[in-house]
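If you're matching them up, the sequences are chains V, U and C in order.
Using my numbering, read the first sequence as starting at 1 and increasing by one per residue.
Using my numbering, read the second sequence as starting at 1001 and increasing by one per residue.
Using my numbering, read the third sequence as starting at 2001 and increasing by one per residue.
Glycine residues also receive a C-beta, built at the ideal position from the N, C-alpha and C atoms.
Data first, discussion second: the structure below is written as structure tokens.
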Amino acid sequence: MVMHTLNATAGSEAFEDCLRLAKAGDSILLLGDGVYSAVAGGQSSVILAASPADVLVLEDDAAAAGIQLKISDFPLVDMDDFVSLSERYPRQLAWY
Amino acid sequence: MSNADKKSMLVLIRRAPYSSSLARASVDLALAAAAFEQQVDLLFQGDGVLQLLPNQQSELLGLKSIGKVLGSLPLYGIEQVYVDARSLSRYGLAGENFVVPVIPLEDEAMSELLARSDHLVSC
Amino acid sequence: MIYSLLVLSSPASGHGARTAQAFARAVLQRGHSIHRVFFLDEGTSTGSASAVFPQDETDRLQPWVDLAENHGVELVLCISSALKRGMLDEAEAQRYESPAATIHPAFIVSGLGQMIDASANSDRLITFGG
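So, in structure tokens, the structure goes:
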């Protein structure tokens, strides 16, 4: 079980490789530049939704980006949730 | 350092050798882990596979050769490293004689490798 | 749980450093402890006592200093990364005959062994980059 933290936009290799390796039982937390790919109706949100991993979005980064209200397919979480996730997942892999 | 809880580490290496300073830092990290007798595996992915190319004449850049440092991994007990098979293919390196023995992995095997290590570090 | 953090990005650029800081505070708030924060590569710029940031933005150094001074969190800068970025403590400034020490005293300069030690002695190792 891996918690992938994805701080990269949808065009990047980091995004592609994260999606390749994330499997069922993993989580993908979108943060930093990664939040943009969660915008509803976008091609990348479709790709994310198709991942066997659970996808979540860091709320403050989505709000900073001005897109918080455009995200409806994935849960928005706060820092406390981020820590809580890290408690459940023994290992984290940073993509950036 | 206490030996009580040895944790295994996987270092995921994604940068080309001489542009990002992180490339050299990640190699040093792997060597340090090996030198301190921690269980460490290396996975080279994307541009990271380029660090493994032989015959890097980095002295032309005035820099120490990353290939040479990686070639010394077996001296530290790291006999082989893993590489992303798709990255080898992208760069046309599938039969290349790298500086250290490599084990190419497909996606599923890479996912399994991630799940086997206690800690994952991506540089 | 015991956490260690690895910070790869500079406070001047990208999201990683800021996210790491907020995460560190949240970790402590949830009752965990932080064994060490290890700054590597661009992350070592975090320890600058000399960097000046815009006055109308959140202070980027003070939250780390607060973690060190009020919560006993050890902040370590990787020496080889630090040196090449002009980050020197008193001892290094003298050794290299450099004009000034540039590292804030809340930070320690050390080698990668400290990173390995952090990994070996922590339940969770969280990396922040980009």
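Point to revise | S1122/U, DSSP secondary structure in three states | key: Here the question's residue 1122/U lines up with position 122 in the second sequence. Looking at S1122/U - three-state DSSP - the assignment turns out to be strand.
**Study point:** Straight-line gap, I67/V to T5/V (C-alpha atoms, nearest Å)
**Key:** Taking the first sequence and counting its residues from 1, one reaches residue 67/V at position 67. Taking the first sequence and counting its residues from 1, one reaches residue 5/V at position 5. One C-alpha to the other measures close to 19 Å.
Review point. Taking one C-beta from the segment 27-41 of chain V and one from the segment 1017-1035 of chain U each time, how about it: are there three or more such pairs within less than 8 Å?
Key: no
Review point. Using 8 Å as the threshold, is the segment 1104-1113 of chain U in touch with the segment 2010-2018 of chain C, meaning 3 or more CB pairs across them?
Key: no
Check your understanding: Does any C-beta atom of chain V lie closer than 7 Å to the C-beta of N1003/U?
Key -> Your numbering for residue 1003/U matches position 3 in the second sequence. Reliability of the predicted coordinates at N1003/U is poor, the pLDDT of 47 falling under 50, and the value obtained from them is presented with this limitation in mind. Not one chain V Cβ lies under 7 Å of N1003/U.
Practice item. Just mark L1163/U as buried or exposed, buried being the case when its beta carbon has 16 or more other beta carbons within 10 Å. Key: Any property of residue 1163/U remains undetermined from this structure, which presents chain U solely from 1001 to 1123.
Check your understanding: At least one CB of chain U closer than 7 Å to the CB of R20/V: is that the case?
Key -> To locate residue 20/V, count along the first sequence from 1; it is residue 20. So, interface residue.
Check your understanding: At least one CB of chain U closer than 7 Å to the CB of K23/V: is that the case?
Key -> The residue labelled residue 23/V in the question sits at position 23 within the first sequence. Judged by the 7 Å Cβ criterion, K23/V is in contact with chain U.
Exercise for review: Reducing DSSP to helix, strand and coil, say where V35/V ends up.
Suggested key: In the first sequence, residue 35/V corresponds to position 35, counting from 1. Reduced to three states, the DSSP call for V35/V is helix.
**Study point:** Three-pair Cβ contact test at 8 Å for the segment 2065-2083 of chain C versus the segment 2105-2121 of chain C
**Key:** yes
Review point. Whole alpha helix (DSSP H) runs in the segment 1034-1107 of chain U with 4 or more residues, listed along the chain?
Key: 1066-1071, 1085-1090
Review point. Among residues of its own chain, excluding the 5 on either side of C18/V, which ones have a beta-carbon nearer than 6 Å to its beta-carbon?
Key: Translated into positions along the first sequence, residue 18/V becomes position 18. Correct list, in chain order: H4, L6, W95.
Check your understanding: So which residues of chain C does L56/V contact, with C-beta pairs closer than 8 Å?
Key -> Locating residue 56/V in the first sequence gives position 56, where the first residue counts as 1. Those do not exist, as L56/V stays about 14 Å from chain C at its closest Cβ, beyond 8 Å.
Review point. At least one CB of chain C closer than 7 Å to the CB of A1034/U: is that the case?
Key: Counting from 1 along the second sequence, the entry for residue 1034/U is found at position 34. For A1034/U, the answer is no, since every Cβ of chain C falls outside 7 Å of its Cβ.
**Study point:** 7 Å Cβ cut-off: residues of chain C touching Y96/V
**Key:** If you number the first sequence from 1, residue 96/V lands on position 96. G2016, G2129, G2130, listed in chain order.
Practice item. Within its chain, find whatever has a CB closer than 8 Å to the CB of A1035/U; leave out the 5 residues flanking it on each side and keep chain order. Key: As a first step, residue 1035/U must be located in the second sequence, where it is residue number 35. So the qualifying residues of the chain are Y1076.
Review point. Can a CB atom of chain U be found closer than 7 Å to the CB of L93/V?
Key: As a working mapping, residue 93/V is identified with position 93 in the first sequence. Closer than 7 Å: yes.
Review point. Going straight from the alpha carbon of D2054/C to that of T2044/C, what length do you get?
Key: The residue labelled residue 2054/C in the question sits at position 54 within the third sequence. The residue labelled residue 2044/C in the question sits at position 44 within the third sequence. Before going further, note that residue 2054/C is Pro rather than Asp in the sequence given. When rounded, the distance between both Cα atoms is 20 Å.
Exercise for review: Rank V1100/U, D1047/U, N1055/U, V1040/U by C-alpha distance to the C-alpha of R1090/U and give the top, closest one.
Suggested key: The residue given as residue 1090/U occupies position 90 in the second sequence. Selected option, being the one with the closest Cα: D1047/U.
Point to revise | Length of the line joining the Cα atoms of G25/V and P75/V | key: By one-based count along the first sequence, residue 25/V stands at place 25. By one-based count along the first sequence, residue 75/V stands at place 75. Between G25/V and P75/V, the C-alpha separation is close to 17 Å.
Review point. Listing by chain order, which chain V residues have their CB less than 9 Å from the CB of F2023/C?
Key: Locating residue 2023/C in the third sequence gives position 23, where the first residue counts as 1. Within chain V, the residues near F2023/C are M79, F82, V83, S86.
Exercise for review: Starting from the C-beta of G1124/U, find all residues in its chain whose C-beta is less than 8 Å away, skip the five residues before and the five after it, and write them out in chain order.
Suggested key: One cannot answer for residue 1124/U here, as it falls past the ends of chain U, which runs 1001 to 1123.
Practice item. Below 7 Å between beta carbons is the criterion; list the residues of the segment 1035-1054 of chain U that meet it against any residue of chain C, in chain order. Key: F1036, Q1038
Point to revise | Nearest-angstrom beta carbon gap, T2019/C and F2128/C [assumed within contact, 8 Å] | key: As a first step, residue 2128/C must be located in the third sequence, where it is residue number 128. As a first step, residue 2019/C must be located in the third sequence, where it is residue number 19. Rounded, the Cβ-Cβ distance is 6 Å, consistent with contact.
Practice item. Using a Cβ-Cβ cut-off of less than 8 Å, list which residues of the segment 23-40 of chain V approach chain C; keep chain order. Key: L31, G32, D33
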